[in-house]
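J.: Have a look at this one.
Protein chains: 2
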Amino acid sequence: MLLDSLINQAARKDDNMVAVAAADTADVIEAVIDALNRNLAEFILYGDEEKIISQIKLQKQELLNNDKLNIVHTDSVVNAAESAVQAVSNQQANVLMKGNLPSNILLKAVLNKEYGLRTGNVLSHTAFFEIPGFKQLIIITDAAMNIAPTLGQKVQIVKNAVSLARSVGINMPKVAAIAAVEAVNPDMQATLDAAALTMMNKRGQIPGCIIDGPLGLDNAISELAAEHKGIVSDVAGKADILLVPDIEAGNVLYKSLIYFAKAKVGAVLAGASSPIVLTSRADSAESKLYSLALALCSVKR
Amino acid sequence: MLLDSLINQAARKDDNMVAVAAADTADVIEAVIDALNRNLAEFILYGDEEKIISQIKLQKQELLNNDKLNIVHTDSVVNAAESAVQAVSNQQANVLMKGNLPSNILLKAVLNKEYGLRTGNVLSHTAFFEIPGFKQLIIITDAAMNIAPTLGQKVQIVKNAVSLARSVGINMPKVAAIAAVEAVNPDMQATLDAAALTMMNKRGQIPGCIIDGPLGLDNAISELAAEHKGIVSDVAGKADILLVPDIEAGNVLYKSLIYFAKAKVGAVLAGASSPIVLTSRADSAESKLYSLALALCSVKR
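Chains A and U supply the protein sequences, listed in that same order. Under my numbering, read the first sequence as residues 1 to 301, first letter to last. Under my numbering, read the second sequence as residues 302 to 602, first letter to last.
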């Protein structure tokens, strides 16, 4: 399965409504128009009404009369964030999408105790990569949200990723808990956490997936490399999900895939009551669309 | 400059003698023959004499009478490691190369207080990558040796990499201290160390290079990404050396480049009195040759 199939899956689901916080820049409107063209969802755009309308006029004027596009004026980005989050918690919308505002402003609204989207779970960044030469999507978590997750947080990060994988049809995802080495080393916390996660999976504490670790990245994704090291495992060489030990490893891997390996990506923030699309201006239009499609696929219905 | 130019540079240097510890497997002999064919160095091969000779016979029989190839029988890998290290400390050889033995056995001999190759400096792994689409080598350190270096150790790791870069003609290397974000964040040690290294460089404490950090990997190697973030820097977008925060980030980046980006690599262990080639069986013959060439270029003469 590759990223385009996420778009096809998303298009087959009905009643999708996306609340966009601060939708007033060209790149956000472009992503919205792209999704409308493919009939993925309806939208409520929160932000400066005048700017939103002038952007739509510039890009595709006839959409101003499209009943799948609703505009709600807000007078600040904080207000846009709060209104978009409330639309999701009120079930007017089932996906939240970040527009032109800092992530921390949106997250503050998401974490609001009254109207936010908390579930008690850890929020985690989960990215689906299509990598040249690889036939399957490779899911990487957490490259952007949790700085140095504890073992307990890693359990939730894995559960979030497994739930996302299952929502797009990867029913028993193989999870590699990545470290720099394959041996358990008392001086390397990543290897201890990986060993613990593997055993928690074996004891039924993390169901719905097969976990193995510690594994080096090479052994996780190359059967030949795993064979070289004599590693016998249901996960090695064919991992669907790579759990990285911390944000530094994840971030470097994420950016290496984009800038060095020319991979494509779609990513969401998982663990809230609804999926959250956290694209940034630097993301390509294609990547924004993949992220939105992934979010739409993972809505709990 | 790309990796082939390291081979050309190495071939122009005279009086190179490489001591190989445990040279008794096909892949090691293959690397040695490859280097002899290109006239890069002479060799002393330590290990099981019978096995070494039978491997040479299998691959290129006429080399048995080549006076650039010396074989010294040892009766164990520990003995092979000790003898090869002693050959370097006695100045019979100027490069140490790992053959078919565990790294820790070789390193134990390297660190021996009587006859080892200690200088008081941190030993660090330094890898030169040729990445498709990039015109310059990108140097990554430390992906394999130091688990969680302190700031003091990072200073030495940078100095080792700068010294290597200069030995191959990169005279004022640009060093990016990599973190997950570009902002200094009190909760992220990698960003604090990066900021400190940058200022140490400005104060003349780490000479011979230009350091900037914290930088995300994207901003370090893509001018467009740096521009997107409004980063003004002599290093951003054109870094020669990427200092990674720890072994997990480095290892994942290293393996991502090999397995996802199809990059080529040559690497040495720097910081000892002579360069050390630590190839493993899984390395390609090409990669072993690049590593040896890099080591030969960096010999202090």
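Backbone N, C-alpha and C define an ideal beta-carbon position, used for all residues, glycine too.
So which residues on chain A does Val536(U) lean against when the C-beta distance must stay under 8 angstroms?
T.: Those do not exist, as Val536(U) stays about 16 angstroms from chain A at its closest Cβ, beyond 8 angstroms.
J.: Residue range of the beta strand (DSSP E) that Gly47(A) falls in?
T.: Taken as a continuous stretch (DSSP letters only), the beta strand (DSSP E) holding Gly47(A) covers Glu42 to Gly47.
J.: Please report the straight-line C-alpha distance between Gln490(U) and Leu337(U), rounded to a whole angstrom.
T.: Using only the alpha carbons, I get a separation of about 46 angstroms.
J.: Does the separation of the CB atoms of Asp246(A) and Ala148(A) fall below 8 angstroms?
T.: Contact: yes.
J.: Starting from the Cα of Ala481(U), find the closest Cα among Asn461(U), Ala495(U), Leu402(U) and Gln387(U) and give me that residue.
T.: Per the Cα distances, Ala495(U).
J.: Beta carbons nearer than 9 angstroms to chain U: which residues of the stretch 159-180 of chain A have them?
T.: The residues in question are Ile178, Ala179 and Ala180.
J.: Go through its chain and collect everything with a Cβ distance to Pro132(A)'s Cβ below 8 angstroms, but skip five positions before and after it.
T.: Excluding sequence neighbours, Pro132(A) sits near Ala261, Lys262 and Ala263.
J.: Tell me where the beta strand (DSSP E) around Ile542(U) begins and ends.
T.: Element bounds for Ile542(U): Ile542 to Leu544.
J.: From the DSSP secondary-structure annotation, give me the bridge partner or partners of Thr198(A).
T.: Bridge partners of Thr198(A): none, in fact.
J.: Over what stretch of residues does the alpha helix (DSSP H) that includes Leu558(U) continue unbroken?
T.: Leu558(U) -> alpha helix (DSSP H) spans Ile548 to Tyr560.
J.: Out of Leu292(A), Val28(A) and Ala272(A), which one is the CA nearest neighbour of Ser89(A)?
T.: It is Ala272(A) whose Cα lies nearest to the Cα of Ser89(A).
J.: Quick check: what's the CA-CA separation for Asn251(A) versus Gln360(U)?
T.: If I take the Cα positions, the gap works out to 44 angstroms.
J.: Should the stretch 207-214 of chain A be regarded as contacting the stretch 278-293 of chain A, the criterion being three or more beta carbon pairs within less than 8 angstroms?
T.: The stretch 207-214 of chain A, when compared against the stretch 278-293 of chain A, does not touch it at the 8 angstroms Cβ threshold.
J.: Quick check on the burial criterion: 16 or more other C-beta atoms within 10 angstroms. Buried or exposed for Glu114(A)?
T.: With fewer than 16 other Cβ atoms within 10 Å, it is exposed.
J.: So Ala249(A) contacts chain U; which residues on that side make the cut at Cβ distance below 7 angstroms?
T.: What Ala249(A) touches in chain U: Glu549, Ala550 and Val553.
J.: Which same chain residues end up closer than 7 angstroms to Ala381(U) when comparing Cβ atoms and leaving out the 5 residues on each side of it in sequence?
T.: Only Ala322, Ala323, Tyr347, Gly348, Thr375 and Leu402 meet the Cβ criterion.
J.: Given 8 angstroms as the limit, is there contact between the stretch 459-472 of chain U and the stretch 423-439 of chain U, that is, 3 or more CB pairs closer than that?
T.: Verdict: yes, contact present.
J.: Consider the Cβ of Val396(U): report whether some Cβ of chain A lies at a distance smaller than 8 angstroms.
T.: No, because no Cβ of chain A sits closer than 8 angstroms to the Cβ of Val396(U).
J.: Whether or not the stretch 430-445 of chain U and the stretch 524-532 of chain U are in contact is what I'm after, with contact meaning three or more pairs of Cβ atoms, one per stretch, closer than 8 angstroms; do they touch?
T.: These segments do not touch.
J.: Check the Cβ of Ala183(A) against every Cβ in chain U and list those closer than 9 angstroms, keeping chain order.
T.: Under the 9 angstroms cutoff, chain U gives no residues; its nearest Cβ is about 11 angstroms from Ala183(A).
J.: Alpha carbon to alpha carbon, how far is Leu407(U) from Val379(U)?
T.: If you take the alpha carbons of Leu407(U) and Val379(U), they lie about 8 angstroms apart.
J.: Kindly indicate which three-state DSSP category Asn70(A) falls into: helix, strand or coil?
T.: Strand at Asn70(A).
J.: Please report how far the alpha carbon of Glu82(A) lies from the alpha carbon of Thr492(U), in whole angstroms.
T.: Whole-angstrom Cα-Cα distance: 31 angstroms.
J.: Starting from Gly213(A), trace the beta strand (DSSP E) in both directions and tell me its first and last residue.
T.: Residues Ile210 to Leu215.
J.: Would you grab the beta carbon distance between Phe128(A) and Leu3(A) for me? Rounded to a whole angstrom, and I think it's under 8 angstroms.
T.: Yes, they are in contact, since the Cβ atoms of Phe128(A) and Leu3(A) sit about 7 angstroms apart, within 8 angstroms.
J.: Provide the residue(s) that pair with His125(A) in DSSP beta bridges, ordered along the chain.
T.: Bridge partners of His125(A): Leu269(A).
J.: Just tell me which of Glu483(U), Ser575(U) and Ile577(U) has its CA closest to the CA of Ser534(U).
T.: Minimum Cα distance to Ser534(U) is reached at Glu483(U).
J.: Taking only beta-carbon positions, decide if Ser222(A) is within less than 8 angstroms of chain U.
T.: Yes, because at least one Cβ of chain U sits closer than 8 angstroms to the Cβ of Ser222(A).
J.: Out of Asn185(A), Gly152(A) and Pro207(A), which one is the CA nearest neighbour of Lys174(A)?
T.: For the residues Asn185(A), Gly152(A) and Pro207(A), the minimum Cα distance to Lys174(A) belongs to Pro207(A).
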